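Residue numbers (the numbering used here), protein chains in the order written: chain B, 5 to 341; chain H, 5 to 341.
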DNA sequence: CTGTTAGCGCCTTCAT
DNA sequence: ATGAAGGCGCTAACAG
């Protein structure tokens, strides 16, 4: 049994209300008793029971984070930024995953609800209606990289379209005319947007995407096997735009194994701007997303909404940076970190 | 205001205890009322308030995870395994970081305590006495990769010594006589153990480590800059054992940039067995640690202890696997995933 | 079987 | 300025 406010009260020889008043500074208490209480609390190592507090205040001090899955540097960085914000706010993070399964998604939400004051939800594969239905609970929600625009919620989405568009244009400018896309899972909003960005750029250049779009995924494995396929194609593409950095890294590994020179024979671009991308061989051209910063801002925003300090809904499309490195440039001179 | 047990009771026309009994199956209730209650609960979308439960039961359903920091694939995989276990158990994870700072460490513990039923603590830089002092609270603790052997707690440590020893021997067997070590932060238990493993192997071979130990770190940046230093050394080492995979990947990047052939001119080994290591160019020889599995087991173990189902304290040194790939072998044939 | 009651730890009126 | 009492939502005796 843990030490309660009653223990402190009896040790200090006062009532529990006095203890409460001293500890919370709710109303003035004679200095003499004040000291007594403070000493008693300190001696006993008292700290209030969060459950009791939460029962009264209807607040938990917790923020829920629901991710499609935890894995890879992307989520690490995201959590990193979130944790930083949470620590500053004196709140804590309840992390859970949906494995991209609607069923698990709902279960996770149910489990999290009531244990947290708000939710950050990243669910690229979530249909807009489902996102909308989530909003019917009164729990504040901040969506990340989710198709939730126009909804009554805060939304931070990366500019997947612009990023893919810029990367494709970069390759076009370098003279590539057959640019393959290793596409991500098409049930995911971000993957669809990247495909759209790629397609728009190719089309605008008067070229066609016919036979150039490979059904891949966000993993190294997908990048590896798609790259193998691409090597068989005739005419063979001279450049690859991958679904993300991991996918690109998998492709690079395949090309290296096949003895294909990068970027001379085939150029490769990724997406996300992971730390890994700066240290690959050769260093990877990519579209850098400020992942950690977004994690940080999402939590700050959520906390503000929980406190009622957030008036309008912020719906932002976060710009991404084109980072050109050796995997797409003919003569890489140095690692650009 | 959320729907309470009282709302369900009045809707079903019964008392709140009946509702409680039906929902918890505590004691038999006439089928007729049972249905009424079930329907009412369902219609109202009732779910019990965790804070109230927790106030009664002294259990929160939460497990705290305290990490040195969140970043990189290692922690992703760890959390992945932990999340899997937590979901199976119907518990949730409260994640926090200490940034390897004793002050923040204590603060994080204080914040987590009482909100969780148990704690998984990974703190390689924690002195044994501090670990011991953590145990004085009644909260069950499972230590990960922490110097806590002999303490009254469950401990899962990776066999850092054996891993480093095996990697060094592998390099010695390949004929290397000047093997440089890029050492990790020496205030960290795991880094010290790896240094010891390396030193023991070198010494056992009748060689010396003089001038071969570089003060690096667990990051790509450290690996990169140490590799640059190593290239300047005379006589130049013919192999590098890095503090971990990220460090090794940084070193590989530096060597590549300097035009040094791997493994022909310099062989490189990492430690951890990250997914990245299998896809680097060339693929990285490393000591694979079952990170995800350890995360899973740590949580299961913690839950068992919380439930009182764990009698003795399990103190395990988890074996690591030597994974030999192209970065240390003369003729890599294929990526070994 | 089922309703009533007493807390779990705390804050907040309401008296004093 | 301070103590007593009520109640947050729920479960577990305790009476019926």
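Heads up, the beta-carbon is just placed ideally off N, CA and C, and yes, glycines get one too. No experiment lies behind these values; they were computed from the predicted model shown.
**Prompt:** Between residue 174(H) and residue 269(B), what straight-line distance do the alpha-carbon atoms span, to the nearest angstrom?
**Reply:** 35 Å
**Asked** Given that residue 101(B) touches chain H, what residues does it touch there, using C-beta distances under 7 Å?
**Response** 87
**Item:** Cutoff 8 Å: residue 303(H) Cβ touching any chain B Cβ
**Value:** no
**Request:** Decide if the segment 21-36 of chain B is in contact with the segment 23-41 of chain H; the criterion is three or more beta carbon pairs, one per stretch, under 8 Å apart.
**Result:** no
**Request:** Over the uninterrupted alpha helix (DSSP H) stretch that includes residue 56(H), give me the two end residues.
**Result:** 54-61
**Prompt:** So is residue 277(B) in contact with chain H if we call contact Cβ pairs under 8 Å?
**Reply:** no
**Item:** Any chain H beta carbon closer than 8 Å to residue 218(B)
**Value:** no
**Secondary structure of residue 295(B), DSSP reduced to three states** = helix
**Request:** Give the residues of chain B in contact with residue 98(H), contact being defined as C-beta atoms less than 9 Å apart.
**Result:** 66, 96, 97, 98, 99
**Prompt:** Under three-state DSSP, which class holds residue 73(H)?
**Reply:** coil
**Asked** With residue 96(H) and residue 115(B) assumed to form a contact (beta carbons below 8 Å), what rounded beta-carbon distance in angstroms separates them?
**Response** 6 Å
**Item:** residue 177(B), buried or exposed, once every other Cβ within 10 Å from all chains shown has been counted against 16
**Value:** exposed
**Prompt:** Rounded to whole angstroms, how far is the Cβ of residue 22(H) from the Cβ of residue 7(H), which I believe are closer than 8 Å?
**Reply:** With a Cβ gap of about 17 Å, residue 22(H) and residue 7(H) do not count as contacting.
**Message:** I'd like to know whether the C-beta of residue 55(H) is nearer than 8 Å to at least one C-beta of chain B.
**Reply:** yes
**Message:** Taking the straight line between their C-alpha atoms, what separation do you get for residue 230(H) and residue 327(H)?
**Reply:** 23 Å
**8 Å Cβ shell around residue 322(H) - same chain, five flanking residues per side excluded** = 160, 161, 162, 163, 293, 294, 298
**Asked** Does the beta carbon of residue 298(B) come closer than 8 Å to any beta carbon on chain H?
**Response** no
**Message:** Can you tell me whether residue 167(B) is helix, strand or coil according to DSSP?
**Reply:** helix
**Item:** Bounding residues of the beta strand (DSSP E) (the contiguous stretch that carries residue 98(H))
**Value:** 96-101
**Prompt:** Taking Cβ-Cβ distances shorter than 7 Å, what residues in chain H pair up with residue 260(B)?
**Reply:** 285
**Item:** Proximity to residue 100(H) [Cα-Cα], best of 313(H), 69(H), 223(H), 93(H)
**Value:** 69(H)
**Item:** Within chain H, partners of residue 327(B) - CB distance below 8 Å
**Value:** Within 8 Å Cβ-Cβ: nothing; residue 327(B) doesn't reach chain H, min ~15 Å.
**Members of the segment 211-241 of chain B that neighbour chain H once the beta carbon cut-off is set at 7 Å** = 224
**Item:** Bridge partners - residue 243(B), DSSP secondary structure assignment
**Value:** 183(B), 271(B)
**Prompt:** With 8 Å set as the bound, which would you pick, yes or no: does the beta-carbon of residue 115(H) sit closer than that to a beta-carbon of chain B?
**Reply:** yes
**Request:** Report the neighbours of residue 79(H) on chain B: residues whose CB is nearer than 7 Å to its CB, in chain order.
**Result:** 80
**Request:** Would you identify the three-state DSSP class for residue 283(B), choosing helix, strand or coil?
**Result:** coil
**Inside the segment 189-260 of chain B only - alpha helix (DSSP H) runs reaching at least 4 residues** = 193-208, 224-236
**Request:** Check the Cβ-Cβ distances between residue 19(H) and every residue of chain B, and say whether any is below 8 Å.
**Result:** no
**Prompt:** Can residue 151(B) and residue 130(B) be called in contact, C-beta distance under 8 Å?
**Reply:** yes
**Which of helix, strand or coil DSSP assigns to residue 289(H)** = strand
**Asked** How would you write the range of the alpha helix (DSSP H) that residue 263(B) sits in, first residue to last?
**Response** Careful: residue 263(B) lies outside any alpha helix (DSSP H) and carries neither H nor E.
**Request:** Report the residue from 212(H), 106(H), 142(H), 197(H) whose alpha carbon sits nearest the alpha carbon of residue 309(H).
**Result:** 142(H)
**Request:** Can you give me the Cβ contacts of residue 18(H) inside the same chain, cut-off strictly under 8 Å, excluding the 5 residues immediately before and after it?
**Result:** 37, 40, 41
**Request:** Measuring only between beta-carbons, confirm whether residue 256(B) sits less than 8 Å from chain H.
**Result:** yes
**Request:** Leaving out five residues on either side along the sequence, give the residues of the same chain with a beta carbon under 8 Å from the beta carbon of residue 49(H).
**Result:** 7
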